[in-house]
(Lines of atoms letter the chains of each structure in order from A; the text may use other names.)
(Lines give C-alpha, C1' and ligand atoms only; values in the text may rest on other atoms or scores of the structure.)
Protein backbone atom coordinates (compact mmCIF):
# COMPACT_ATOMS: atom_id res chain seq x y z
CA UNK A 395 0.00 0.00 0.00
CA UNK A 396 1.36 3.41 -1.01
CA UNK A 397 2.41 5.80 1.74
CA UNK A 398 2.08 8.78 -0.60
CA UNK A 399 -0.72 11.16 0.38
CA UNK A 400 -3.76 10.48 -1.77
CA UNK A 401 -4.02 13.82 -3.62
CA UNK A 402 -3.82 12.42 -7.17
CA UNK A 403 -5.85 9.80 -9.03
CA UNK A 404 -2.69 8.19 -10.32
CA UNK A 405 -2.85 5.81 -13.26
CA UNK A 406 -1.47 2.34 -12.60
CA UNK A 407 1.53 2.89 -14.81
CA UNK A 408 5.12 3.96 -14.12
CA UNK A 409 8.04 4.77 -16.37
CA UNK A 410 11.63 3.60 -16.23
CA UNK A 411 13.16 5.89 -18.86
CA UNK A 412 12.40 8.39 -21.57
CA UNK A 413 13.96 9.64 -24.77
CA UNK A 414 12.71 12.51 -26.89
CA UNK A 415 8.94 12.33 -27.24
CA UNK A 416 8.72 8.79 -25.84
CA UNK A 417 8.43 7.22 -22.40
CA UNK A 418 9.18 3.59 -21.63
CA UNK A 419 7.06 1.93 -18.96
CA UNK A 420 7.86 -0.78 -16.45
CA UNK A 421 5.29 -2.94 -18.25
CA UNK A 422 7.59 -2.95 -21.29
CA UNK A 423 5.44 -0.67 -23.42
CA UNK A 424 6.58 2.42 -25.31
CA UNK A 425 4.34 5.51 -25.07
CA UNK A 426 4.19 8.66 -27.18
CA UNK A 427 4.23 11.40 -24.56
CA UNK A 428 1.93 14.29 -25.42
CA UNK A 429 1.65 15.27 -21.79
CA UNK A 430 5.34 16.20 -21.32
CA UNK A 431 4.99 16.45 -17.56
CA UNK A 432 2.12 18.92 -18.19
CA UNK A 433 4.02 21.25 -20.52
CA UNK A 434 7.26 20.93 -18.54
CA UNK A 435 9.58 18.76 -20.65
CA UNK A 436 10.02 21.39 -23.34
CA UNK A 437 12.98 19.61 -24.94
CA UNK A 438 11.60 16.11 -24.45
CA UNK A 439 13.10 13.42 -22.25
CA UNK A 440 16.81 12.84 -21.67
CA UNK A 441 17.85 15.65 -23.98
CA UNK A 442 21.58 15.24 -24.59
CA UNK A 443 22.43 18.94 -24.42
CA UNK A 444 20.45 19.43 -21.22
CA UNK A 445 22.11 16.39 -19.65
CA UNK A 446 25.60 17.65 -20.50
CA UNK A 447 24.86 21.10 -19.08
CA UNK A 448 23.46 19.80 -15.80
CA UNK A 449 26.23 17.21 -15.43
CA UNK A 450 28.90 19.83 -15.99
CA UNK A 451 27.40 22.14 -13.35
CA UNK A 452 26.73 19.29 -10.90
CA UNK A 453 30.45 18.63 -10.67
CA UNK A 454 31.13 22.24 -9.69
CA UNK A 455 28.38 23.63 -7.46
CA UNK A 456 24.73 22.82 -6.68
CA UNK A 457 23.61 25.35 -4.12
CA UNK A 458 24.88 28.31 -2.13
CA UNK A 459 22.38 30.99 -1.13
CA UNK A 460 20.89 34.15 -2.55
CA UNK A 461 22.84 36.13 0.03
CA UNK A 462 25.72 35.66 -2.45
CA UNK A 463 26.04 36.59 -6.12
CA UNK A 464 25.30 33.57 -8.33
CA UNK A 465 26.90 34.00 -11.79
CA UNK A 466 24.69 31.39 -13.46
CA UNK A 467 21.64 33.26 -12.18
CA UNK A 468 22.97 36.60 -13.43
CA UNK A 469 23.51 35.04 -16.85
CA UNK A 470 19.97 33.65 -17.17
CA UNK A 471 18.39 36.87 -15.87
CA UNK A 472 20.35 38.93 -18.39
CA UNK A 473 19.28 36.67 -21.25
CA UNK A 474 15.62 36.75 -20.21
CA UNK A 475 15.60 40.54 -20.03
CA UNK A 476 17.41 40.89 -23.36
CA UNK A 477 14.81 38.71 -25.09
CA UNK A 478 11.67 40.07 -23.42
CA UNK A 479 9.84 43.15 -22.12
CA UNK A 480 11.37 42.73 -18.65
CA UNK A 481 14.01 44.78 -16.88
CA UNK A 482 14.47 42.46 -13.88
CA UNK A 483 13.92 38.82 -12.93
CA UNK A 484 13.26 37.15 -9.59
CA UNK A 485 13.86 33.38 -9.50
CA UNK A 486 11.56 30.96 -7.66
CA UNK A 487 11.13 27.18 -7.58
CA UNK A 488 7.73 26.66 -9.21
CA UNK A 489 4.82 28.22 -11.04
CA UNK A 490 2.73 28.59 -7.90
CA UNK A 491 5.58 30.44 -6.16
CA UNK A 492 6.00 32.63 -9.23
CA UNK A 493 2.34 33.66 -9.28
CA UNK A 494 2.37 34.27 -5.51
CA UNK A 495 5.43 36.48 -5.96
CA UNK A 496 3.68 38.32 -8.80
CA UNK A 497 0.79 39.13 -6.46
CA UNK A 498 3.23 40.33 -3.79
CA UNK A 499 5.11 42.52 -6.24
CA UNK A 500 1.91 44.18 -7.47
CA UNK A 501 0.72 44.97 -3.95
CA UNK A 502 4.14 46.14 -2.84
CA UNK A 503 4.38 48.54 -5.80
CA UNK A 504 1.31 50.49 -4.69
CA UNK A 505 2.35 50.28 -1.05
CA UNK A 506 5.67 51.89 -1.98
CA UNK A 507 3.73 54.67 -3.71
CA UNK A 508 1.78 55.44 -0.55
CA UNK A 509 -1.36 53.53 -1.60
CA UNK A 510 -1.48 50.56 0.82
CA UNK A 511 -5.23 50.01 0.29
CA UNK A 512 -4.74 49.57 -3.45
CA UNK A 513 -4.08 45.86 -3.04
CA UNK A 514 -6.80 43.81 -4.74
CA UNK A 515 -6.14 41.62 -7.79
CA UNK A 516 -8.78 40.94 -10.44
CA UNK A 517 -8.77 37.45 -11.98
CA UNK A 518 -10.87 35.21 -14.23
CA UNK A 519 -13.31 32.83 -12.56
CA UNK A 520 -12.20 29.18 -12.75
CA UNK A 521 -8.73 30.05 -13.99
CA UNK A 522 -5.61 28.40 -12.55
CA UNK A 523 -2.70 30.13 -10.84
CA UNK A 524 -1.34 27.33 -8.65
CA UNK A 525 -2.17 25.26 -5.57
CA UNK A 526 -0.96 27.52 -2.76
CA UNK A 527 -3.55 29.02 -0.43
CA UNK A 528 -3.60 32.45 -2.07
CA UNK A 529 -3.36 31.08 -5.62
CA UNK A 530 -6.45 28.86 -5.26
CA UNK A 531 -8.55 31.83 -4.15
CA UNK A 532 -7.11 33.89 -6.99
CA UNK A 533 -8.33 31.16 -9.35
CA UNK A 534 -11.73 30.97 -7.61
CA UNK A 535 -12.50 27.40 -8.61
CA UNK A 536 -14.98 25.74 -6.25
CA UNK A 537 -13.22 22.40 -6.68
CA UNK A 538 -9.82 23.88 -5.73
CA UNK A 539 -11.01 26.03 -2.81
CA UNK A 540 -13.51 23.67 -1.15
CA UNK A 541 -12.44 22.81 2.39
CA UNK A 542 -9.59 25.33 2.50
CA UNK A 543 -11.39 28.28 4.11
CA UNK A 544 -11.43 30.87 5.42
CA UNK A 545 -11.30 32.59 2.07
CA UNK A 546 -8.10 34.51 1.37
CA UNK A 547 -9.24 38.04 0.69
CA UNK A 548 -7.80 40.42 -1.85
CA UNK A 549 -9.17 38.89 -5.06
CA UNK A 550 -12.10 39.87 -7.26
CA UNK A 551 -13.33 38.00 -10.31
CA UNK A 552 -15.00 38.24 -13.71
CA UNK A 553 -16.04 35.63 -16.26
CA UNK A 554 -13.90 34.75 -19.27
CA UNK A 555 -14.84 37.00 -22.19
CA UNK A 556 -17.24 39.17 -20.19
CA UNK A 557 -15.81 42.63 -20.79
CA UNK A 558 -18.65 44.43 -19.02
CA UNK A 559 -18.19 42.51 -15.77
CA UNK A 560 -14.43 43.08 -16.03
CA UNK A 561 -14.72 46.87 -16.15
CA UNK A 562 -17.43 46.85 -13.48
CA UNK A 563 -15.21 44.84 -11.14
CA UNK A 564 -12.39 47.41 -11.19
CA UNK A 565 -12.50 49.62 -8.11
CA UNK A 566 -10.27 52.21 -6.46
CA UNK A 567 -8.68 49.33 -4.54
CA UNK A 568 -7.75 47.31 -7.63
CA UNK A 569 -3.98 46.99 -7.98
CA UNK A 570 -3.76 44.63 -10.95
CA UNK A 571 -5.53 42.39 -13.41
CA UNK A 572 -4.00 38.89 -13.50
CA UNK A 573 -4.95 36.48 -16.28
CA UNK A 574 -3.45 33.50 -18.07
CA UNK A 575 -2.74 34.52 -21.66
CA UNK A 576 -4.02 31.07 -22.60
CA UNK A 577 -6.03 29.34 -19.88
CA UNK A 578 -4.50 25.89 -19.43
CA UNK A 579 -6.25 23.95 -16.68
CA UNK A 580 -9.34 26.04 -17.44
CA UNK A 581 -9.80 24.39 -20.84
CA UNK A 582 -7.18 25.73 -23.30
CA UNK A 583 -8.99 29.02 -23.87
CA UNK A 584 -6.97 31.59 -25.81
CA UNK A 585 -7.44 35.24 -24.96
CA UNK A 586 -7.63 36.91 -28.41
CA UNK A 587 -4.97 39.47 -29.31
CA UNK A 588 -7.58 42.23 -29.54
CA UNK A 589 -8.63 41.47 -25.96
CA UNK A 590 -5.04 41.50 -24.72
CA UNK A 591 -4.60 44.92 -26.33
CA UNK A 592 -7.83 45.98 -24.63
CA UNK A 593 -6.55 44.77 -21.27
CA UNK A 594 -3.36 46.77 -21.67
CA UNK A 595 -5.30 49.92 -22.58
CA UNK A 596 -7.70 49.38 -19.68
CA UNK A 597 -4.84 48.97 -17.20
CA UNK A 598 -3.20 52.12 -18.55
CA UNK A 599 -6.47 54.03 -18.26
CA UNK A 600 -7.13 52.84 -14.69
CA UNK A 601 -3.44 53.16 -13.74
CA UNK A 602 -3.21 49.56 -12.56
CA UNK A 603 -0.79 46.73 -13.38
CA UNK A 604 -1.20 43.95 -15.93
CA UNK A 605 -0.01 40.50 -14.84
CA UNK A 606 0.04 37.86 -17.57
CA UNK A 607 0.48 34.38 -16.11
CA UNK A 608 2.54 32.42 -18.66
CA UNK A 609 3.52 29.52 -16.42
CA UNK A 610 1.98 27.02 -18.83
CA UNK A 611 1.64 28.91 -22.12
CA UNK A 612 5.00 30.71 -22.01
CA UNK A 613 8.59 29.77 -22.87
CA UNK A 614 7.92 28.79 -26.48
CA UNK A 615 4.78 26.74 -25.96
CA UNK A 616 2.65 29.07 -28.15
CA UNK A 617 5.22 29.32 -30.96
CA UNK A 618 6.57 32.58 -29.56
CA UNK A 619 8.64 32.88 -26.39
CA UNK A 620 5.60 34.48 -24.77
CA UNK A 621 2.02 33.93 -25.92
CA UNK A 622 1.22 37.65 -25.63
CA UNK A 623 3.86 38.65 -28.20
CA UNK A 624 1.47 38.45 -31.17
CA UNK A 625 -0.67 41.13 -29.51
CA UNK A 626 2.37 43.43 -29.47
CA UNK A 627 1.80 44.55 -25.89
CA UNK A 628 4.02 44.79 -22.82
CA UNK A 629 2.70 43.53 -19.49
CA UNK A 630 4.08 44.74 -16.16
CA UNK A 631 4.61 41.34 -14.52
CA UNK A 632 4.91 37.83 -15.99
CA UNK A 633 5.34 34.67 -13.89
CA UNK A 634 6.88 31.69 -15.72
CA UNK A 635 7.93 28.14 -14.81
CA UNK A 636 7.34 24.70 -16.40
CA UNK A 637 9.20 24.78 -19.74
CA UNK A 638 12.06 27.07 -18.68
CA UNK A 639 13.82 24.24 -16.85
CA UNK A 640 13.05 21.49 -19.36
CA UNK A 641 12.07 19.26 -16.44
CA UNK A 642 14.23 20.81 -13.73
CA UNK A 643 12.15 22.85 -11.22
CA UNK A 644 12.47 26.55 -11.99
CA UNK A 645 10.06 29.44 -11.54
CA UNK A 646 10.64 33.09 -12.24
CA UNK A 647 8.88 36.43 -12.24
CA UNK A 648 9.75 38.98 -14.91
CA UNK A 649 9.00 42.62 -14.14
CA UNK A 650 9.51 46.08 -15.59
CA UNK A 651 11.38 48.92 -13.89
CA UNK A 652 8.20 50.42 -12.49
CA UNK A 653 7.25 47.30 -10.55
CA UNK A 654 10.85 46.62 -9.54
CA UNK A 655 11.02 50.02 -7.83
CA UNK A 656 8.79 48.76 -5.02
CA UNK A 657 11.00 45.82 -4.08
CA UNK A 658 13.89 46.29 -1.65
CA UNK A 659 16.25 43.88 0.18
CA UNK A 660 14.20 41.79 2.59
CA UNK A 661 10.85 42.18 0.80
CA UNK A 662 11.03 38.76 -0.88
CA UNK A 663 13.29 35.73 -0.92
CA UNK A 664 13.73 32.06 -1.77
CA UNK A 665 16.10 29.47 -0.31
CA UNK A 666 16.42 27.35 -3.43
CA UNK A 667 15.25 29.79 -6.12
CA UNK A 668 17.94 30.48 -8.73
CA UNK A 669 20.45 27.92 -7.44
CA UNK A 670 23.40 27.17 -9.78
CA UNK A 671 22.16 23.71 -10.81
CA UNK A 672 18.71 25.00 -11.77
CA UNK A 673 20.22 27.92 -13.63
CA UNK A 674 22.41 25.60 -15.71
CA UNK A 675 19.21 23.87 -16.87
CA UNK A 676 17.51 27.18 -17.64
CA UNK A 677 20.47 28.48 -19.62
CA UNK A 678 20.63 25.23 -21.60
CA UNK A 679 16.94 25.50 -22.49
CA UNK A 680 17.50 29.10 -23.60
CA UNK A 681 20.44 27.99 -25.76
CA UNK A 682 18.21 25.58 -27.67
CA UNK A 683 15.05 27.70 -27.75
CA UNK A 684 16.74 30.69 -29.31
CA UNK A 685 18.58 28.76 -31.99
CA UNK A 686 17.59 30.03 -35.43
CA UNK A 687 14.29 28.53 -36.53
CA UNK A 688 13.39 26.69 -33.30
CA UNK A 689 10.35 28.78 -32.35
CA UNK A 690 9.26 29.10 -35.98
CA UNK A 691 9.23 25.32 -36.13
CA UNK A 692 7.08 25.15 -32.99
CA UNK A 693 4.61 27.51 -34.62
CA UNK A 694 4.68 25.59 -37.90
CA UNK A 695 4.12 22.22 -36.20
CA UNK A 696 1.38 23.69 -34.04
CA UNK A 697 -0.52 25.03 -37.07
CA UNK A 698 -0.14 21.69 -38.83
CA UNK A 699 -1.33 19.75 -35.78
CA UNK A 700 -4.38 22.00 -35.26
CA UNK A 701 -5.26 21.88 -38.98
CA UNK A 702 -5.15 18.07 -39.02
CA UNK A 703 -7.13 17.84 -35.78
CA UNK A 704 -9.82 20.02 -37.31
CA UNK A 705 -9.97 17.61 -40.26
CA UNK A 706 -10.58 14.78 -37.79
CA UNK A 707 -13.20 16.91 -36.02
CA UNK A 708 -15.05 17.45 -39.32
CA UNK A 709 -15.15 13.66 -39.80
CA UNK A 710 -16.29 13.00 -36.22
CA UNK A 711 -18.37 16.04 -35.19
CA UNK A 712 -20.29 13.98 -32.64
CA UNK A 713 -17.03 13.13 -30.87
CA UNK A 714 -14.94 16.31 -31.07
CA UNK A 715 -16.79 19.54 -30.36
CA UNK A 716 -13.92 21.99 -30.82
CA UNK A 717 -10.16 22.17 -31.36
CA UNK A 718 -8.61 24.88 -29.20
CA UNK A 719 -5.18 26.33 -28.63
CA UNK A 720 -2.11 27.87 -30.15
CA UNK A 721 1.30 26.48 -30.98
CA UNK A 722 1.78 23.19 -29.14
CA UNK A 723 -0.71 24.02 -26.39
CA UNK A 724 -3.75 22.27 -27.84
CA UNK A 725 -7.08 21.12 -26.45
CA UNK A 726 -9.78 18.81 -27.78
CA UNK A 727 -13.15 19.82 -26.36
CA UNK A 728 -15.26 16.67 -26.52
CA UNK A 729 -18.90 15.68 -26.73
CA UNK A 730 -18.04 12.26 -25.28
CA UNK A 731 -16.76 11.41 -21.81
CA UNK A 732 -13.30 12.91 -21.30
CA UNK A 733 -11.92 10.24 -18.95
CA UNK A 734 -13.02 7.46 -21.27
CA UNK A 735 -11.40 9.15 -24.28
CA UNK A 736 -8.11 9.70 -22.42
CA UNK A 737 -8.09 6.05 -21.33
CA UNK A 738 -8.62 4.90 -24.92
CA UNK A 739 -5.71 7.07 -26.03
CA UNK A 740 -3.60 5.54 -23.26
CA UNK A 741 -4.63 2.04 -24.37
CA UNK A 742 -3.21 2.99 -27.77
CA UNK A 743 0.05 4.23 -26.22
CA UNK A 744 -0.61 7.99 -26.39
CA UNK A 745 -0.29 9.98 -23.17
CA UNK A 746 -2.48 13.07 -22.70
CA UNK A 747 -3.92 15.02 -19.77
CA UNK A 748 -7.33 16.46 -18.89
CA UNK A 749 -8.45 20.07 -18.51
CA UNK A 750 -11.73 21.71 -17.54
CA UNK A 751 -14.75 21.91 -19.86
CA UNK A 752 -14.34 18.26 -20.96
CA UNK A 753 -11.07 19.08 -22.72
CA UNK A 754 -8.17 16.74 -23.47
CA UNK A 755 -4.82 18.55 -23.53
CA UNK A 756 -2.17 17.72 -26.12
CA UNK A 757 1.21 19.01 -24.94
CA UNK A 758 4.07 17.40 -26.87
CA UNK A 759 7.69 18.45 -26.37
CA UNK A 760 8.47 21.60 -28.33
CA UNK A 761 11.01 19.71 -30.45
CA UNK A 762 8.48 17.01 -31.38
CA UNK A 763 8.97 15.55 -34.86
CA UNK A 764 6.31 15.77 -37.55
CA UNK A 765 6.13 11.98 -37.85
CA UNK A 766 5.38 11.85 -34.10
CA UNK A 767 2.54 14.33 -34.57
CA UNK A 768 1.24 12.13 -37.41
CA UNK A 769 1.40 9.10 -35.13
CA UNK A 770 -0.65 10.94 -32.51
CA UNK A 771 -3.18 11.95 -35.18
CA UNK A 772 -3.52 8.30 -36.24
CA UNK A 773 -4.21 7.26 -32.65
CA UNK A 774 -6.72 10.08 -32.07
CA UNK A 775 -8.64 9.17 -35.24
CA UNK A 776 -8.51 5.48 -34.33
CA UNK A 777 -10.07 6.27 -30.95
CA UNK A 778 -12.76 8.45 -32.59
CA UNK A 779 -13.69 5.45 -34.77
CA UNK A 780 -14.44 3.36 -31.67
CA UNK A 781 -17.49 5.52 -30.90
CA UNK A 782 -20.70 4.68 -32.73
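Residue numbers (our numbering): 395 to 782. Every residue gets a Cβ at the ideal spot worked out from N, C-alpha and C, and that includes glycine.
Distance, Cα to Cα, residue i vs residue j?
i, j, result
"residue 555", "residue 587", "12 Å"
"residue 494", "residue 709", "44 Å"
"residue 522", "residue 658", "29 Å"
"residue 439", "residue 396", "26 Å"
"residue 693", "residue 687", "10 Å"
"residue 751", "residue 581", "6 Å"
"residue 538", "residue 429", "22 Å"
What would DSSP say about residue i, mapped onto helix, strand or coil?
i, result
"residue 572", "strand"
"residue 712", "coil"
"residue 484", "strand"
"residue 557", "helix"
"residue 755", "strand"
"residue 539", "helix"
"residue 645", "strand"
"residue 637", "helix"
"residue 474", "helix"
"residue 615", "coil"
"residue 432", "helix"
"residue 546", "coil"
Pull the bridge partners of residue i from the DSSP assignment, please.
i, result
"residue 606", "573"
"residue 425", "417"
"residue 720", "723"
"residue 551", "517"
"residue 411", "418"
"residue 439", "414"
"residue 453", "Bridge partners of residue 453: none, in fact."
"residue 728", "714"
Hey, quick one: how far does the alpha helix (DSSP H) through residue i stretch, first residue to last?
i, result
"residue 671", "670 to 683"
"residue 590", "587 to 600"
"residue 653", "651 to 654"
"residue 762", "No alpha helix (DSSP H) holds residue 762; DSSP gives it neither H nor E."
"residue 738", "732 to 741"
Can you tell me the Cβ-Cβ gap for residue i and residue j, rounded? I've got them flagged as a contact below 8 Å.
i, j, result
"residue 573", "residue 585", "7 Å"
"residue 745", "residue 425", "5 Å"
"residue 583", "residue 577", "4 Å"
"residue 633", "residue 496", "5 Å"
Beta strand (DSSP E) containing residue i: first to last residue?
i, result
"residue 514", "514 to 518"
"residue 749", "747 to 749"
Chain C beta carbons: is any one of them nearer than 9 Å to that of residue i?
i, result
"residue 418", "Protein chains in the displayed structure number just one, and chain C is not present."
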